[in-house]
Amino acid sequence: RYGDHLVVQTLTLAMDQRLDLLVAALREVYHPKSIIERNEALVRKAEGMDLRKGAVFGEAPAPFEVRYEGMVFTVDVMEGQK
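Following the numbering used here, the numbering of the sequence shown begins with 6 at its first residue and continues without gaps.
See below:
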(Lines of atoms letter the chains of each structure in order from A and count residues from 1; the text may use other names and numbers.)
(Lines give C-alpha, C1' and ligand atoms only; values in the text may rest on other atoms or scores of the structure.)
Protein backbone atom coordinates (compact mmCIF):
# COMPACT_ATOMS: atom_id res chain seq x y z
CA ARG A 1 0.00 0.00 0.00
CA TYR A 2 1.35 3.38 -1.03
CA GLY A 3 -1.00 6.12 0.15
CA ASP A 4 -4.30 5.65 -1.72
CA HIS A 5 -2.80 3.18 -4.20
CA LEU A 6 -2.18 -0.55 -3.93
CA VAL A 7 0.31 -2.75 -5.77
CA VAL A 8 -0.26 -6.50 -6.21
CA GLN A 9 1.81 -9.32 -7.60
CA THR A 10 0.60 -12.84 -8.38
CA LEU A 11 3.47 -15.23 -8.98
CA THR A 12 1.55 -18.51 -9.12
CA LEU A 13 -1.10 -19.64 -11.57
CA ALA A 14 -3.58 -20.34 -8.76
CA MET A 15 -3.33 -16.77 -7.43
CA ASP A 16 -3.32 -15.25 -10.92
CA GLN A 17 -6.57 -17.08 -11.72
CA ARG A 18 -8.10 -15.38 -8.68
CA LEU A 19 -6.84 -11.87 -9.40
CA ASP A 20 -10.38 -10.58 -9.98
CA LEU A 21 -11.42 -11.86 -6.54
CA LEU A 22 -8.34 -10.28 -4.94
CA VAL A 23 -9.00 -6.95 -6.61
CA ALA A 24 -12.65 -7.00 -5.49
CA ALA A 25 -11.64 -7.77 -1.89
CA LEU A 26 -8.96 -5.07 -1.87
CA ARG A 27 -11.43 -2.52 -3.23
CA GLU A 28 -13.99 -3.43 -0.58
CA VAL A 29 -11.55 -3.27 2.34
CA TYR A 30 -9.23 -0.38 1.36
CA HIS A 31 -11.23 1.77 -1.12
CA PRO A 32 -8.07 2.64 -3.12
CA LYS A 33 -7.80 5.12 -5.96
CA SER A 34 -6.01 2.47 -8.00
CA ILE A 35 -4.67 -1.07 -7.89
CA ILE A 36 -1.59 -1.76 -9.97
CA GLU A 37 -0.35 -5.21 -10.93
CA ARG A 38 3.40 -5.64 -11.19
CA ASN A 39 3.59 -9.12 -12.64
CA GLU A 40 6.94 -8.84 -14.35
CA ALA A 41 8.85 -11.53 -12.42
CA LEU A 42 10.32 -14.18 -14.71
CA VAL A 43 9.14 -16.93 -12.35
CA ARG A 44 5.66 -16.47 -13.89
CA LYS A 45 6.95 -18.01 -17.12
CA ALA A 46 7.66 -21.27 -15.23
CA GLU A 47 3.88 -21.62 -14.81
CA GLY A 48 3.14 -20.55 -18.39
CA MET A 49 1.97 -17.05 -17.52
CA ASP A 50 2.69 -13.85 -19.40
CA LEU A 51 4.50 -10.91 -17.80
CA ARG A 52 2.15 -7.98 -17.14
CA LYS A 53 2.28 -4.50 -15.63
CA GLY A 54 -0.54 -1.98 -15.38
CA ALA A 55 -3.68 -0.84 -13.64
CA VAL A 56 -6.26 -3.51 -12.80
CA PHE A 57 -8.45 -0.88 -11.14
CA GLY A 58 -8.45 2.88 -11.62
CA GLU A 59 -5.65 4.64 -13.44
CA ALA A 60 -1.93 4.35 -12.82
CA PRO A 61 -0.81 7.49 -10.99
CA ALA A 62 2.17 9.67 -11.83
CA PRO A 63 4.95 9.46 -9.23
CA PHE A 64 3.76 10.93 -5.91
CA GLU A 65 4.99 11.55 -2.38
CA VAL A 66 4.19 9.44 0.67
CA ARG A 67 5.01 10.45 4.24
CA TYR A 68 6.09 7.78 6.72
CA GLU A 69 7.33 8.44 10.27
CA GLY A 70 8.43 11.96 9.43
CA MET A 71 10.15 11.02 6.17
CA VAL A 72 8.98 11.79 2.63
CA PHE A 73 9.37 9.22 -0.14
CA THR A 74 8.66 9.61 -3.83
CA VAL A 75 6.77 6.55 -5.07
CA ASP A 76 6.53 5.42 -8.67
CA VAL A 77 4.21 2.41 -8.63
CA MET A 78 4.71 1.72 -12.34
CA GLU A 79 8.50 1.76 -12.52
CA GLY A 80 9.82 1.67 -8.95
CA GLN A 81 10.51 -1.28 -6.66
CA LYS A 82 7.37 -2.77 -5.11
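For every residue, glycine included, the Cβ atom is placed at its ideal position computed from N, Cα and C.
Quick one: using the 10 Å Cβ neighbour count with 16 as the cut-off for buried, is glutamate 74 buried or exposed? It counts as exposed.
DSSP three-state assignment for lysine 58, whether helix, strand or coil: Correct three-state label for lysine 58: strand.
TODO: Specify the secondary structure class of valine 13 as computed by DSSP and reduced to three states.
DONE: Strand.
Problem - Other residues of its chain near leucine 11: CB distance less than 6 Å, five sequence neighbours each side excluded - result: Take leucine 11, set aside five residues on each side of it, and the residues of its chain with a beta-carbon closer than 6 Å to its own are Leu31, Pro37, Ile40, in chain order.
query = For methionine 83, which residues from the same chain have a beta carbon less than 6 Å from its beta carbon, with the 5 sequence-adjacent residues on both sides left out?
reply = Ala65, listed in sequence order.
task = Would you mind listing the beta strand (DSSP E) stretches within the stretch 21-54 that are 3+ residues and don't spill past its ends, in chain order?
result = Restricted to the stretch 21-54, the beta strand (DSSP E) segments that are unbroken, complete and at least 3 residues in length are 39-44, listed in chain order.
Output needed for lysine 50: all residues of its chain with C-beta closer than 7 Å, excluding positions within five of it in sequence on either side, in chain order. Excluding its 5 nearest sequence neighbours in each direction, lysine 50 has no C-beta neighbour in its own chain below 7 Å.
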